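There are 2 protein chains.
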Amino acid sequence: MFSGAQISLYPMTDGFVGVILDAITAMDPYRDRLRVVTDDISTLVVAPPEILFPVMRDFYAAAARTGHHVVMHATISRGCPGEPDDPMCATSSLPGPSEPLAERQQAARAAVAAAPVVGAETAAQFSLYVMGQIDGEDKHMEEIYGCIDFLKSSGTFDRSKNFCTRLKGDAGPVFATLFEAFCRFGPPEGHVTIDLTVSANSPTAR
Amino acid sequence: MFSGAQISLYPMTDGFVGVILDAITAMDPYRDRLRVVTDDISTLVVAPPEILFPVMRDFYAAAARTGHHVVMHATISRGCPGEPDDPMCATSSLPGPSEPLAERQQAARAAVAAAPVVGAETAAQFSLYVMGQIDGEDKHMEEIYGCIDFLKSSGTFDRSKNFCTRLKGDAGPVFATLFEAFCRFGPPEGHVTIDLTVSANSPTAR
Numbered sequence: 001m002f003s004g005a006q007i008s009l010y011p012m013t014d015g016f017v018g019v020i021l022d023a024i025t026a027m028d029p030y031r032d033r034l035r036v037v038t039d040d041i042s043t044l045v046v047a048p049p050e051i052l053f054p055v056m057r058d059f060y061a062a063a064a065r066t067g068h069h070v071v072m073h074a075t076i077s078r079g080c081p082g083e084p085d086d087p088m089c090a091t092s093s094l095p096g097p098s099e100p101l102a103e104r105q106q107a108a109r110a111a112v113a114a115a116p117v118v119g120a121e122t123a124a125q126f127s128l129y130v131m132g133q134i135d136g137e138d139k140h141m142e143e144i145y146g147c148i149d150f151l152k153s154s155g156t157f158d159r160s161k162n163f164c165t166r167l168k169g170d171a172g173p174v175f176a177t178l179f180e181a182f183c184r185f186g187p188p189e190g191h192v193t194i195d196l197t198v199s200a201n202s203p204t205a206r
Numbered sequence: 001m002f003s004g005a006q007i008s009l010y011p012m013t014d015g016f017v018g019v020i021l022d023a024i025t026a027m028d029p030y031r032d033r034l035r036v037v038t039d040d041i042s043t044l045v046v047a048p049p050e051i052l053f054p055v056m057r058d059f060y061a062a063a064a065r066t067g068h069h070v071v072m073h074a075t076i077s078r079g080c081p082g083e084p085d086d087p088m089c090a091t092s093s094l095p096g097p098s099e100p101l102a103e104r105q106q107a108a109r110a111a112v113a114a115a116p117v118v119g120a121e122t123a124a125q126f127s128l129y130v131m132g133q134i135d136g137e138d139k140h141m142e143e144i145y146g147c148i149d150f151l152k153s154s155g156t157f158d159r160s161k162n163f164c165t166r167l168k169g170d171a172g173p174v175f176a177t178l179f180e181a182f183c184r185f186g187p188p189e190g191h192v193t194i195d196l197t198v199s200a201n202s203p204t205a206r
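Chain order of the listed sequences is A and B.
For the first sequence, position 130 (counting from the first letter as 1) is numbered 130 according to the numbering used here, and the numbering increases by one without interruption.
For the second sequence, position 56 (counting from the first letter as 1) is numbered 56 according to the numbering used here, and the numbering increases by one without interruption.
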C-alpha cells in the first residue's frame, strides 16, 4: 500500500514564512518514520496512517498556538492504484475485510474517547471519498453513511455542510476522529481519500 | 443534479480580511446564477459548472492581482447522492453517457485552447475523484487515466505529483482545464469531485 498526504499551512500574517518554518519542527520526532518532499504548493508526507495523523496534528497545533489565524489543508490518500507499494507505509491500522460496520463504528468511538488532549482548538471540515468496489459491488455510499453515523456520535461532531462534515474541539480527539474515518471505513485494500481543512483563531464567527 | 464548491481564500498578510472582502466583489456579475453561504471555514457556492468555474477564476484572479501570496482552495462536487436535486444547477455542460473517451479528450483540448486570458498567473494542483460505477462496472481509474492523458496535452500541464496533478499558466486556460476535467470525465450522472489548490506569488521556488 501507499499512504500519505499533500499538506499545506496558511498563516494569515506578513510573517507567514517564520510560522511555517517553526511549525515544521513539530515533525522532527517522527522523521525516521516518514519521507518528506516540499515544493511551493505543498509538502508530501509519506507515512503509515498511525504516523501521518499525529504528524498533521502536531504540525497544525504548533501553528495554532502562535495565536495567528492559520489554516492547514491536507489531501490524504491510501491505496491509490496509481501509486507504488512502499514498505514505509506498512500498517496494522486497517480493519479486516469482513469486519461488520457496527463493530468498526464502536471501535472508532472508543479510540476517539481515549485520544490525548494536545491543547489546540480546531474548526475542521473534511470530505471522505471511497473509490472502487467492495466485494464486487458499489458500496461507496454505504461506507460513507456508516462513517457519518460514527462521526455524529464521536464527540467531535459539529455539523454537516454541503459536500463535507464539520468537526470541532481539541486537535487530539479531532485528528483521532479523522484517523478513524480514514482507516475504518472503505475497504482495507481500497482507494480512500480525505480532503481536509483545519482552521485556528479565525476572526469570523462560526 | 446538485453542483457547487466549498471555497476558501488564504491571503498570507496581516490585511487578509480586506483582501478577501475585495476579492468577493469579483463574484458580483454572477450573483443571479448562484447561491452563496459563508461561515468561518469556507464559502459554499451552488451553481452549474459553467458558472462555478468562471466564478472561482475571477475570485482567485482578483486576489492574485494584489501581489500578496494568496492561495484559494476549493472542494468541488457534482452528483453527490447525498445532496438534493437543485434547479439552479441545471447544466448542458456534461457529455452524453456513451461519448467515447477520445472524442471527449479532443473536445476538452479545443475548449482550453479557446479560453480567454485573464492576466493572473497560477500554480495549481488538483485531484479528481470519480465515485461509483459506470455501466455497472468499476471504471473509475479508466476515467482518471483518460483525464490525465487530456491534461498532459492541455497546454496547462506542469507535472504529476503523488495524489495530484500540477497545472500552470494564466488563470483563464487553467480554470478552463479544470472545468473540462470536472465535466467530461466520470459519468454524467455520476458523483465526481475535485480537491483544488491554486497559489499566486509564492516566495518559494517551484
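Every residue, glycine too, gets a C-beta built ideally from N, C-alpha and C.
Source: prediction; values computed, not measured.
So which residues on chain C does residue i lean against when the C-beta distance must stay under 7 Å?
i	result
A:D195	Considering every chain present, this structure includes no chain C. Its protein chains are A and B.
For residue i, which residues of its own chain have a beta-carbon under 7 Å away from its beta-carbon, when the five flanking residues on both sides are left out?
i	result
B:R65	A120
B:P116	G172
B:V46	G4, L34, R35, D86, M88 and C89
B:P29	none
B:V118	R57, A61, D170, A171 and G172
I want to verify the contact list: residues of chain B whose CB lies under 7 Å from the CB of residue i, in sequence order.
i	result
A:E83	N162
A:A123	D40 and I41
A:S93	Ordered by position in chain B, no residue passes the 7 Å Cβ test against A:S93, which lies about 19 Å from the chain.
A:C80	F163
A:R206	D39 and D40
A:M72	Going along chain B, no residue has its Cβ under 7 Å from A:M72, so there is no contact; the nearest lies around 10 Å.
A:M1	The premise fails here: A:M1 is roughly 13 Å from chain B at the closest Cβ pair, so nothing lies under 7 Å.
Could you say which of the options lies nearest to residue i if we only look at CA atoms?
i	options	result
A:S93	A:V130, A:G15 and A:F185	A:F185
B:R166	A:S3, A:D86, A:P95 and A:D39	A:D39
B:Y145	A:K168, A:D22, A:V117 and A:E83	A:E83
B:P81	B:P188, B:F2 and B:I7	B:F2
A:D32	A:K168, A:E143, A:H191 and A:M88	A:M88
A:F182	A:H68, A:D170 and A:I148	A:I148
A:V192	B:I51, B:V130, B:V19 and B:G190	B:V130
A:M141	A:A74, A:H69 and A:P187	A:P187
B:A111	B:G155, B:E99, B:I20 and B:A23	B:G155
B:T6	B:G15, B:R109 and B:T43	Sequence check: residue 6 of chain B is Gln here, not Thr. For B:Q6, the nearest C-alpha among the options comes from B:T43.
B:E143	B:L101, B:S153, B:V70 and B:A113	B:L101
B:T25	B:K152, B:F59, B:S199 and B:V17	B:F59
B:N201	B:A114, B:A63 and B:G190	B:A63
A:N225	B:T75, B:P11 and B:E189	Residue 225 of chain A cannot be examined here, being either before or after the span of chain A that is shown, 1 to 206.
B:R109	B:A124, B:S199 and B:F157	B:F157
A:I51	A:G67, A:V37 and A:M27	A:M27
B:S153	B:A123, B:G15, B:A113 and B:E99	B:A113
A:T122	A:G67, A:G15 and A:D14	A:G67
Starting from the beta carbon of residue i, find every residue of chain A whose beta carbon is closer than 8 Å, and list them in chain order.
i	result
B:P203	V17
B:S199	D40 and I41
B:S98	Near B:S98 there are no residues of chain A at all, since even the closest Cβ is about 19 Å away, more than 8 Å.
Could you name the residues of chain B that residue i contacts, counting a contact when the two beta carbons are closer than 8 Å?
i	result
A:R57	Those within 8 Å of A:R57 in chain B number zero; the least Cβ separation is about 18 Å.
In chain A, which residues lie less than 7 Å from residue i when you measure between Cβ atoms?
i	result
B:G4	N162
B:Y60	Within 7 Å Cβ-Cβ: nothing; B:Y60 doesn't reach chain A, min ~14 Å.
B:D14	T13 and D14
Please classify residue i: is it buried, with 16 or more other beta-carbons within 10 angstroms of its beta-carbon, or exposed?
i	result
B:Q106	exposed
B:E103	exposed
B:G238	Limits of chain B in this structure are 1 at one end and 206 at the other, which puts residue 238 of chain B out of reach.
A:T177	buried
B:R78	buried
A:P203	exposed
A:L128	buried
A:V55	buried
B:L151	buried
B:A205	exposed
B:V70	buried
B:G18	exposed
A:S199	buried
A:G190	buried
Apart from the five residues just before and just after residue i, which ones in its own chain have a Cβ nearer than 6 Å to its Cβ?
i	result
A:F175	F53 and R57
A:S8	S42 and H73
B:D12	In the sequence as displayed, the identity of residue 12 of chain B is Met instead of Asp. Hits under 6 Å: H69.
Does the beta carbon of residue i fall short of 7 Å from some heavy atom of the ligand HEM?
i	result
B:S8	Absence of the ligand HEM from the depicted structure is noted, as is the absence of any ligand whatsoever, leaving it without description.
For residue i, which residues of its own chain have a beta-carbon under 8 Å away from its beta-carbon, when the five flanking residues on both sides are left out?
i	result
B:F126	C164, T165, L167, L178, A181, I194, D195, L196 and T197
A:S160	I148 and R166
A:P48	S3, R33, M88, C89, A90, T91 and S93
A:I20	L9, P11 and A63
B:S98	none
Mind listing the chain B neighbours of residue i? Cutoff is C-beta to C-beta under 9 Å, in chain order.
i	result
A:M88	Neighbours of A:M88 on chain B: none; closest Cβ ~13 Å, over 9 Å.
Just by C-beta distance, which residues in the region 16-50 of chain B are closer than 9 Å to chain A?
For the region 16-50 of chain B, the set of positions with a beta-carbon nearer than 9 Å to some beta-carbon of chain A reads F16, V17, V37, T38, D39, D40, I41, S42, L44 and V46 in chain order.
Taking any Cβ of chain A, which residues in the region 149-163 of chain B have a Cβ under 8 Å from it, in chain order?
The region 149-163 of chain B vs chain A, Cβ under 8 Å: K161, N162 and F163.
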